Amino acid sequence: MKKPHPKSLLRNDRGQFVIEAILLMILSIGLLTLGLRTLREGNILGNLVSGPWDRMAGMIESGSWEVAETAAKKHPNQLDRSLSLSPK
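In the working numbering, each number is its position in the sequence shown, counted from 1, plus 12.
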């Protein structure tokens with residue numbers, strides 16, 4: 013059998029696709045793990061949902077775009093009654 017010339021071994025591209033695919037998989041898994049850890053520890057998704065929800069709860073409960081506790085004080089039901097049952 014003929015021994016390959018050292019220069020021809022450097023030009024051999026067999027297996028390069030497999031090596032690149034493995035490197036890309038390792039890189040993507042690492043980035044995915046880092047991203048998920050960052051999202052979980054920073055509670056970014058929780059802040060995206062709960063931040064706007066405070067004002068939304070005020071609108072649902074009292075009809076005012078404020079935090080629920082503040083909006084409840086502005087609800088018409090909380091105002092003093094200006095009508096009487098026996099007007100004069």
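Where is the CB? At the ideal position from N, CA and C, for every residue including glycine. Just so it is clear, the structure is predicted and the values come from calculations on it, not from any experiment.
Ala-83 burial status per 10 Å Cβ neighbour count (16 or more: buried):
buried
How about Val-79 and Ala-69: are their beta carbons less than 9 Å apart?
yes
Provide the residue span of the alpha helix (DSSP H) that contains Gly-62, from first to last.
Sequence inspection shows Ser at residue 62; the Gly mentioned does not correspond to that position. Counting along the chain, the alpha helix (DSSP H) containing Ser-62 begins and ends at 56-74.
Inter-residue spacing [alpha-carbon to alpha-carbon] between Ile-72 and Ala-33:
51 Å
Could you spell out the range, first to last residue, of the alpha helix (DSSP H) harbouring Lys-15?
Counting along the chain, Lys-15 falls outside any alpha helix (DSSP H), and DSSP gives it neither H nor E.
Identify the continuous alpha helix (DSSP H) that holds Glu-81 and give its terminal residues.
80-85
Alpha-carbon to alpha-carbon, Asn-59 and Lys-86:
26 Å
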